[in-house]
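Numbering (this note's numbering), first residue to last: 88 to 238.
Each residue gets a CB set at the ideal place from its N, CA and C atoms; glycine is no exception.
Everything on this sheet refers to the single structure shown next.
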């Protein structure tokens, strides 16, 4: 499925309605996992590093952009789910999974991220600074947790 093995996997697993003969292709799980590990240690680690560096545009945007909080927290949770379960789920599905497997300390930022993803209005946080701090700490925790799976 070209350069996008995750999309190929989802297409193969969940399919789409088609009016032609079956499309046959294989999804190489090893390639998928290797690409996702690379994504974790390039895109996500770089994203986290940019957001952590204050003052920077990314760090300031993370204070006020609800989308960035949700994107980061659920994005790394989704990678962790894939590495542990050898499957791919939605971002909310990954958040629900994370609530079952990570320490209670992280539940507030995960719930906040799922709230943002689902468009609910009432925040679990009174302070954007605390939310930013928790999001960055959780993302760092999950990057380390993911990398520990491969050692």
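On the criterion of 16 or more Cβ atoms from any shown chain inside 10 Å, does residue 222 qualify as buried, or is it exposed? buried
Whole-angstrom C-beta distance between residue 179 and residue 205, which should lie under 8 Å: 7 Å
If you drop the 5 nearest sequence neighbours on each side, which residues of the same chain put their C-beta closer than 8 Å to that of residue 132? 230
Give me the Cα-Cα distance between residue 138 and residue 211, rounded to the nearest whole angstrom. 21 Å
In terms of alpha-carbon separation, which member of 146, 166, 187 and 193 lies closest to residue 239? Residue 239 is absent from the structure shown; the chain starts at 88 and stops at 238.
Cβ neighbours of residue 170 in the same chain (closer than 6 Å, five flanking residues each side left out): 233 and 236
Among 130, 208 and 114, whose alpha-carbon lies nearest the alpha-carbon of residue 166? 130
When you compare only the Cα positions, how much space is there between residue 203 and residue 217? 16 Å
If we call anything under 8 Å between Cβ atoms a contact, is residue 118 one with residue 159? no
Are the Cβ atoms of residue 153 and residue 181 separated by less than 8 Å? no
Tell me which same chain residues have a C-beta within less than 8 Å of the C-beta of residue 183, skipping the five on either side of it? 201
When the Cα atoms are used, what is the spatial distance from residue 176 to residue 185? 12 Å
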